[in-house]
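Protein chains in written order, with this note's numbering: chain L, 1 to 330; chain H, 331 to 660.
Note that CB positions come from ideal geometry on N, CA and C, so glycine has one too.
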């Protein structure tokens, strides 16, 4: 294992220290491992808390800031944050109008956010939860836990963050979150495995001419091993399952994320193929994010997320945001 | 070679097509392979043209837009753009106040920008050039061509872009560019080679416990092969040569870029070490960019650039920018 780290034990705290030095506009509680905005929201607005295992950067800490999250709870690599962390974040950001938890659908995350929600409710903080389970690679037969949560999380944090910023109440914000979570679909492929620092060896092994089709962002097995292919064919393998899953025609926001070790040059080429294929089935790409927005340590490959949108969702998407990883003007 | 591409022959045009779909706010001339702003600058302001080989994305096309470049000329992978491309860009963006060329110090780039400058001058367009040669890995003994141009280019494009946007004349803008180019210093390390698509195999091979210390962004050999080490020691090998080269104490902007296959989690950890080491020698990190800002295809490793700044440079740095890769509010 060759990584720019000090040790597997300290990789998360070291990165968090660097994150806080790089982004002085945010406040990092290093004991609890929670990233906050420095200036809390106006009293009476809904606060957004997310979080999850490390290794998916910029998710989630890179999306804390104006127009997106109020707090991100940072777990160990590929490990859920604890209920205590999440509770601390919830209490800290609550501004009298309730808190929305944004949770990716992994059993540890779901359980710990649920426990934190109970703790908060005991403290008379109203909490609602949205669970993102958008990875169409997982079929019902494969997993009782349901689909994994991946790229839709990024789009949801932006859209719902804008709605919260604009002062909508908890019921409205939660309803919007459920709508986005239900509408987004994702599919990923790996060309090479990530190496979890504590493991020291790749999570899985692929031959030089193989890909993992439908890989999860923690290296979970996909639908099957497939032969490597040119970009157009790989794009078909990403777009096809989304369409088969019921992706409707119409306007959409498309996220194409590298998984950590895939450069922009390749992502842009893939994006061109993806756009062609989507447009051929009547999906019009009205906004896009191409780059590393949700990763899997140093995995090579990419993740495609397509979110159908109407004018309302689009206006939230276009609203200003000011976070380390995603920003546009006010 | 396992890459998300169609073929080595089409990788650049495919990526450029994806880039233009992802960034409809920019205009891409696919024949000439030049990326432009859609809305030209005000008449009477200095225009900025840069460019170089592909494979360093988001450099340069990701820095076209308000507050930074007016045009970026896109070469083949690791290959200079042609004088014709550069001339076309120069003619297109010129707004009556001259054009500044921003060139990284590689012989092909220098020669082709020089020929383009001559063509422009024949067409009565005033052109000035700044050559970035900031890579301290290259010692005078090693290379008559001088130091390679790397990360300072990104910082220069931001700072000088702001000055041009504010309406300073060509002499002032050029003077500022020379100052930044002279002040910036860079040093990189590779943990694994990139693979150039047309070559199909890694440019060099490193053992599991080896790094290339002082690697160039095209995989040029560094100062030497060294044993792999923990983050602090690697950070010392990056910071040490900058200090030895005369990096002064005082305020600085620090860029820490992944080289294409290195995730943010690792970069943030390295950044913490770099900040400690810089502060120990009196360099105060007042602004930073951590992430993939200048890459080398799918090389694993990182590049450190330190640019000493005063209040004037800092105000240009903080001025608004709106480009695909770098943006902050107006």
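Given residue i, which residues of its chain have a CB within under 7 Å of its CB, disregarding the five upstream and five downstream residues?
i: residue 87 of chain L; result: 116, 119 and 120
i: residue 6 of chain L; result: 14
i: residue 413 of chain H; result: 442, 445, 446 and 449
i: residue 539 of chain H; result: 557 and 558
i: residue 189 of chain L; result: 211, 212, 213, 215, 234, 237, 238, 301 and 302
i: residue 420 of chain H; result: 379, 429, 446, 450, 455 and 457
Figure out for me which residue from the options has the closest Cα to the Cα of residue i.
i: residue 1 of chain L; options: H/419, H/360 and H/537; result: H/537
i: residue 343 of chain H; options: H/383, H/509 and H/374; result: H/383
i: residue 198 of chain L; options: L/188, L/55 and L/244; result: L/55
i: residue 46 of chain L; options: L/109, L/280, L/225 and L/168; result: L/168
i: residue 278 of chain L; options: L/292, L/264, L/240 and L/268; result: L/240
i: residue 622 of chain H; options: H/611, H/634 and H/612; result: H/634
i: residue 313 of chain L; options: L/176, L/147 and L/170; result: L/176
i: residue 23 of chain L; options: L/147, L/65 and L/134; result: L/65
i: residue 406 of chain H; options: L/209, L/265 and L/253; result: L/265
i: residue 632 of chain H; options: H/333, H/588 and H/613; result: H/588
i: residue 35 of chain L; options: L/323, L/288, L/327 and L/329; result: L/323
i: residue 17 of chain L; options: H/648, H/597, H/477 and H/647; result: H/597
i: residue 612 of chain H; options: H/581, H/387, H/620 and H/404; result: H/581
i: residue 551 of chain H; options: H/503, H/465, H/572 and H/618; result: H/465
i: residue 422 of chain H; options: H/583, H/362 and H/555; result: H/362
i: residue 555 of chain H; options: H/583, H/584, H/572 and H/523; result: H/523
i: residue 187 of chain L; options: L/243, L/289 and L/80; result: L/243
i: residue 25 of chain L; options: H/639, H/617 and H/638; result: H/617
i: residue 184 of chain L; options: L/57, L/21 and L/309; result: L/309
i: residue 512 of chain H; options: H/485, H/351 and H/350; result: H/485
Exposed or buried, residue i, counting other C-beta atoms within 10 Å across all chains shown (16 or more means buried)?
i: residue 152 of chain L; result: buried
i: residue 535 of chain H; result: exposed
i: residue 246 of chain L; result: exposed
i: residue 41 of chain L; result: buried
i: residue 368 of chain H; result: exposed
i: residue 626 of chain H; result: buried
i: residue 650 of chain H; result: exposed
i: residue 263 of chain L; result: buried
i: residue 453 of chain H; result: exposed
i: residue 30 of chain L; result: exposed
i: residue 280 of chain L; result: exposed
i: residue 329 of chain L; result: exposed
i: residue 533 of chain H; result: buried
To which residues of the same chain is residue i closer than 8 Å at the C-beta, ignoring the five residues directly before and after it?
i: residue 487 of chain H; result: 378, 380, 390, 393, 398, 399 and 432
i: residue 269 of chain L; result: 231
i: residue 440 of chain H; result: 433 and 461
Between the alpha carbons of residue i and residue j, how many angstroms are there, rounded?
i: residue 149 of chain L; j: residue 131 of chain L; result: 8 Å
i: residue 338 of chain H; j: residue 408 of chain H; result: 12 Å
i: residue 578 of chain H; j: residue 223 of chain L; result: 55 Å
i: residue 238 of chain L; j: residue 306 of chain L; result: 10 Å
i: residue 586 of chain H; j: residue 285 of chain L; result: 33 Å
i: residue 467 of chain H; j: residue 521 of chain H; result: 16 Å
i: residue 311 of chain L; j: residue 591 of chain H; result: 37 Å
i: residue 510 of chain H; j: residue 490 of chain H; result: 8 Å
i: residue 430 of chain H; j: residue 459 of chain H; result: 6 Å
i: residue 645 of chain H; j: residue 272 of chain L; result: 37 Å
i: residue 299 of chain L; j: residue 195 of chain L; result: 8 Å
i: residue 605 of chain H; j: residue 358 of chain H; result: 38 Å
i: residue 530 of chain H; j: residue 217 of chain L; result: 27 Å
i: residue 327 of chain L; j: residue 655 of chain H; result: 10 Å
i: residue 3 of chain L; j: residue 492 of chain H; result: 36 Å
i: residue 401 of chain H; j: residue 647 of chain H; result: 19 Å
Using a Cβ-Cβ cut-off of 6 Å (strictly less than) and excluding sequence neighbours within five positions of residue i, which residues of its own chain qualify?
i: residue 434 of chain H; result: 382, 462, 479 and 483
i: residue 373 of chain H; result: 425 and 426
i: residue 341 of chain H; result: 335 and 527
i: residue 145 of chain L; result: 107
i: residue 354 of chain L; result: No information on residue 354 of chain L is available, as it lies outside the stretch 1 to 330 that chain L covers here.
i: residue 411 of chain H; result: 381, 403 and 405
i: residue 388 of chain H; result: 655
**Message:** Can you pull out the residues from the stretch 19-52 of chain L whose beta carbon lies closer than 8 Å to at least one beta carbon of chain H?
**Reply:** 19, 21 and 22
**Prompt:** Taking a cut of 8 Å between CB atoms, which residues from the stretch 573-589 of chain H lie near chain L?
**Reply:** none
**Prompt:** Taking a cut of 8 Å between CB atoms, which residues from the stretch 557-573 of chain H lie near chain L?
**Reply:** 558, 560, 561, 562 and 564
**Message:** What are the residues in the stretch 614-634 of chain H lying within 9 Å of chain L by C-beta distance?
**Reply:** 615, 618, 619, 620, 621, 622, 625, 626, 627, 628, 629, 630, 631 and 632
**Request:** Quick one: which residues of the stretch 331-342 of chain H get their C-beta closer than 9 Å to a C-beta of chain L? List them in chain order.
**Result:** 331, 332, 333, 334, 335, 336, 337, 340, 341 and 342
**Prompt:** Along the stretch 173-197 of chain L, what residues have a CB closer than 8 Å to any CB found in chain H?
**Reply:** Correct list: 191 and 192.
**Message:** Please list, in chain order, the residues of the stretch 148-163 of chain L that have any C-beta partner in chain A closer than 7 Å.
**Reply:** Checking the listed chains, one finds no chain A in this structure; the protein chains it contains are L and H.
**Message:** Taking beta-carbon pairs under 9 Å, can you tell me which members of the stretch 312-330 of chain L lie near chain H?
**Reply:** 320, 322, 324, 325, 327, 328, 329 and 330
**Request:** Could you list the residues in the stretch 407-424 of chain H with a C-beta less than 7 Å from some C-beta on chain L, going in chain order?
**Result:** none
**Request:** Output, in sequence order along the chain, the residues in the stretch 592-605 of chain H whose CB is closer than 9 Å to any CB in chain L.
**Result:** 592, 593, 594, 595, 596, 597, 598, 599, 600, 601, 602, 603, 604 and 605
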